[in-house]
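Accompanying notes for the structure given below.
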Amino acid sequence: MMLYVNFHRRLCKIVHALLTATTLFVFSCNFDNISLASEIIAILDSGLNKDLPVVGGKNFFDNTNDTQDEVNHGSELAKEVLAVNSGAKFLAVKITRNGDGITPEILAKAIRYSADSNAQFINFSFALSKDSKELQNAIKYAAKKNIVLVAAAGIGLKNPYEPMDVSKIFPQSYSEVLVVGKSLSCTEPDEMSNFGKKIDFVIPEDETKKRGSSYTAARALGLLSLLISKNKLKEPFNLSNLKKTLEPYLTPIPKNIKKLHKMGGGCLDSKKIIEATGKGPTL
Numbered sequence: 291m292m293l294y295v296n297f298h299r300r301l302c303k304i305v306h307a308l309l310t311a312t313t314l315f316v317f318s319c320n321f322d323n324i325s326l327a328s329e330i331i332a333i334l335d336s337g338l339n340k341d342l343p344v345v346g347g348k349n350f351f352d353n354t355n356d357t358q359d360e361v362n363h364g365s366e367l368a369k370e371v372l373a374v375n376s377g378a379k380f381l382a383v384k385i386t387r388n389g390d391g392i393t394p395e396i397l398a399k400a401i402r403y404s405a406d407s408n409a410q411f412i413n414f415s416f417a418l419s420k421d422s423k424e425l426q427n428a429i430k431y432a433a434k435k436n437i438v439l440v441a442a443a444g445i446g447l448k449n450p451y452e453p454m455d456v457s458k459i460f461p462q463s464y465s466e467v468l469v470v471g472k473s474l475s476c477t478e479p480d481e482m483s484n485f486g487k488k489i490d491f492v493i494p495e496d497e498t499k500k501r502g503s504s505y506t507a508a509r510a511l512g513l514l515s516l517l518i519s520k521n522k523l524k525e526p527f528n529l530s531n532l533k534k535t536l537e538p539y540l541t542p543i544p545k546n547i548k549k550l551h552k553m554g555g556g557c558l559d560s561k562k563i564i565e566a567t568g569k570g571p572t573l
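Each residue of the sequence shown is one higher than the one before, starting from 291 at the first, in this note's numbering.
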């Protein structure tokens, strides 16, 4: 039976590769409850609710089959993605119940699982103060597969009222990770958010349903996946190509603010991306 399943899994992937060479669409192989798709986003968080378009998942927090969201955090992130890209699909990768208990080891396993489950994006809405070789290798493993890794800049770990340089937290500090911050507007930084040269760009908080860079990063994921679904981003979907694609959609930061390293390389213009992809108004 295992040989039969493995053979058909390989065959399915070959067919998927041939078909998606000319078009972008969801193609299900129905193995291990995972669907192969052109725009699968792994939400590494508190789980996802069952009413969302989930194509697979795993619980790394307490090693059960339950990926249901008990605190509605991961689910709200997914809804933020869907607000700009209704065609997105998700992997529900549960690594915490309420924000606690995330370790480099758990995170590394979740990243590898997501990478092996055909995710095109991996979302991080949290930060760790500790690094590990296992986590470094997992990040590199996903990056080599041209998976786009997106992390929220976040707030201070020890004290939310004391912002930190993102170069001191993980996985934000890794060169393979795109870091999204939050601003009050395209000319006004959020003094409570983390800062640093490693922040790639910001999104104003009034564009999201909820406050916090977790939600602006989720909004960015929706926009990036929208660019892919509308063929605005060429393969491979790596970080270098992604940054080049985003350049026309970034509003420059005023020089006096840019020197403070609070708003990254620019303010992402959501409306311009939506107009370029031919999608209607956001929800």
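Even for Gly, the Cβ is constructed at its ideal location relative to N, Cα and C.
Fair warning: this is a prediction, and the values are worked out from it, not measured in the lab.
Next item on the list: Quick one: using the 10 Å Cβ neighbour count with 16 as the cut-off for buried, is D245 buried or exposed?
Entry: As shown, the chain starts at 291 and ends at 573. That puts residue 245 outside it, with no answer to give.
Next item on the list: For K520, collect the residues of the same chain with a Cβ closer than 6 Å to its Cβ; drop the 5 residues on either side in sequence, then sort them by chain order.
Entry: For this step, residue 520 is matched to residue 230 along the sequence shown. Same-chain partners within the cutoff: T567.
Next item on the list: Put T541 into one of helix, strand or coil per three-state DSSP.
Entry: Indexing the sequence shown from 1 puts residue 541 at position 251. Here T541 sits in strand by DSSP.
Item checked: Boundaries (first-last residue) of the beta strand (DSSP E) holding S475 -> Along the sequence shown, read from residue 1 onward, the residue named residue 475 stands at position 185. V467 to S475 is the extent of the beta strand (DSSP E) around S475.
Check: Where are the alpha helix (DSSP H) runs, 4 residues long or more, that stay fully inside the region 383-470, in chain order?
Finding: 394-406 and 423-434
Check: With DSSP run on the structure shown, which of helix, strand or coil describes K379?
Finding: One-based indexing of the sequence shown puts residue 379 at position 89. Three-state DSSP puts K379 in a strand.
Notebook entry, point to check: Which residues in the same chain as A508 place their Cβ atom closer than 6 Å to its Cβ, once the five residues preceding and following it in sequence are excluded?
Noted result: For the purposes of this step, residue 508 is taken as residue 218 along the sequence shown, with counting starting at 1. Once the five neighbours on either side are set aside, the close Cβ partners of A508 are L367, E370 and V371.
Check: Where does L558 sit, in a helix, a strand or coil, going by DSSP?
Finding: Residue numbering aside, residue 558 sits at position 268 when the sequence shown is read from its first letter. DSSP places L558 in strand when its eight states are reduced to three.
Notebook entry, point to check: What number of angstroms, rounded off, separates the C-alpha of K435 from the C-alpha of K552?
Noted result: As a position in the sequence shown, residue 435 is number 145, starting the count at 1. As a position in the sequence shown, residue 552 is number 262, starting the count at 1. Taking the straight line from one Cα to the other gives about 30 Å.
Check: Would you report the Cα separation of E452 and L474, rounded to the nearest angstrom?
Finding: By one-based count along the sequence shown, residue 452 stands at place 162. By one-based count along the sequence shown, residue 474 stands at place 184. For E452 and L474, the distance between alpha carbons rounds to 17 Å.
Next item on the list: Helix, strand or coil for N349, going by three-state DSSP, please let me know.
Entry: Taking the sequence shown and counting its residues from 1, the one referred to as residue 349 is at position 59. N349: strand per DSSP, three-state reduction.
Notebook entry, point to check: Cβ of G502 within 9 Å of Cβ of I445?
Noted result: Walking along the sequence shown from the start, residue 502 turns up at place 212. Walking along the sequence shown from the start, residue 445 turns up at place 155. Yes; because the gap between Cβ atoms is below 9 Å, this pair is in contact.
Next item on the list: Report the three-state DSSP secondary structure of I489 (helix, strand or coil).
Entry: Numbered from its first residue, the sequence shown carries residue 489 at position 199. Here I489 sits in coil by DSSP.
Notebook entry, point to check: When you compare each of I331, F485, E565 and T354 to K549 by their alpha carbons, which one comes out closest?
Noted result: On the sequence shown, residue 549 is found 259 positions in, with the first residue counted as 1. Checking every option, the nearest Cα to that of K549 belongs to F485.
Checklist line | Simplified DSSP assignment, three categories, for D359 | finding: To locate residue 359, count along the sequence shown from 1; it is residue 69. In the structure shown, D359 sits in coil (DSSP, three-state: anything other than H, G, I, E or B).
Next item on the list: Put A332 into one of helix, strand or coil per three-state DSSP.
Entry: Translated into positions along the sequence shown, residue 332 becomes position 42. It is a strand residue.
Checklist line | Residues near D356 by beta carbon distance below 8 Å, same chain, minus five either side | finding: On the sequence shown, residue 356 is found 66 positions in, with the first residue counted as 1. Counting only Cβ-Cβ distances below 8 Å, and skipping sequence neighbours, we find G337, N349 and K384.
Check: From the DSSP output, which residues share a beta bridge with T344?
Finding: The sequence position of residue 344 within the sequence shown is 54, counting from 1. Correcting the residue identity first, residue 344 is Val in this sequence and not Thr. Note: V344 sits in a beta bridge opposite F380.
Item checked: Buried or exposed (CB count within 10 angstroms, at least 16 for buried), D341 -> Position 51 of the sequence shown holds residue 341. Label assigned to D341: exposed.
Next item on the list: Please classify S318: is it buried, with 16 or more other beta-carbons within 10 angstroms of its beta-carbon, or exposed?
Entry: Position 28 of the sequence shown holds residue 318. Annotation note: pLDDT 40 at S318 (below 50); position unreliable, no value reported.
Notebook entry, point to check: Buried or exposed: D496, going by 16 or more other Cβ atoms within 10 Å of its Cβ?
Noted result: Taking the sequence shown and counting its residues from 1, one reaches residue 496 at position 206. The residue in question, D496, is exposed, as its Cβ has fewer than 16 Cβ neighbours within 10 Å.
Next item on the list: Enumerate in chain order the residues of its own chain whose CB-to-CB distance from D490 is below 6 Å, with the five nearest sequence positions on each side excluded.
Entry: As a first step, residue 490 is located in the sequence shown; it is residue number 200 there, counting from the start. So the qualifying residues of the chain are L468, V469, G554 and G555.
Check: Closest to L513 by CA distance: which of I429, S376, D390 and F416 is it?
Finding: Translated into positions along the sequence shown, residue 513 becomes position 223. Closest option to L513, Cα to Cα, is S376.
Checklist line | Residue closest to E481, alpha-carbon to alpha-carbon, out of S515, S419, A443 and G391 | finding: Within the sequence shown, residue 481 is the residue found at index 191, counting from 1. Among S515, S419, A443 and G391, the Cα nearest to that of E481 is on A443.
Margin query: Short of 7 Å in beta carbon distance, which residues of its chain neighbour K488, apart from the five on each side in sequence? Order them along the chain.
Written below: One-based indexing of the sequence shown puts residue 488 at position 198. Taken in chain order, the residues that qualify are V456, S457, Q462, S463 and V469.
Checklist line | Closest Cα partner of T386 within the set V440, S515 and H363 | finding: Taking the first residue of the sequence shown as position 1, residue 386 is located at position 96. Out of V440, S515 and H363, H363 has the C-alpha closest to the C-alpha of T386.
Notebook entry, point to check: Could you give the distance in angstroms between the alpha-carbon of K399 and the alpha-carbon of A428?
Noted result: One-based indexing of the sequence shown puts residue 399 at position 109. One-based indexing of the sequence shown puts residue 428 at position 138. Each residue's Cα considered, the two are about 8 Å apart.
Check: Among all the DSSP beta bridges, which residues are the ones paired with E478?
Finding: Numbered from 1 along the sequence shown, position 188 holds the residue referred to as residue 478. In the DSSP output, where bridge partners are listed per residue, E478 has S475.
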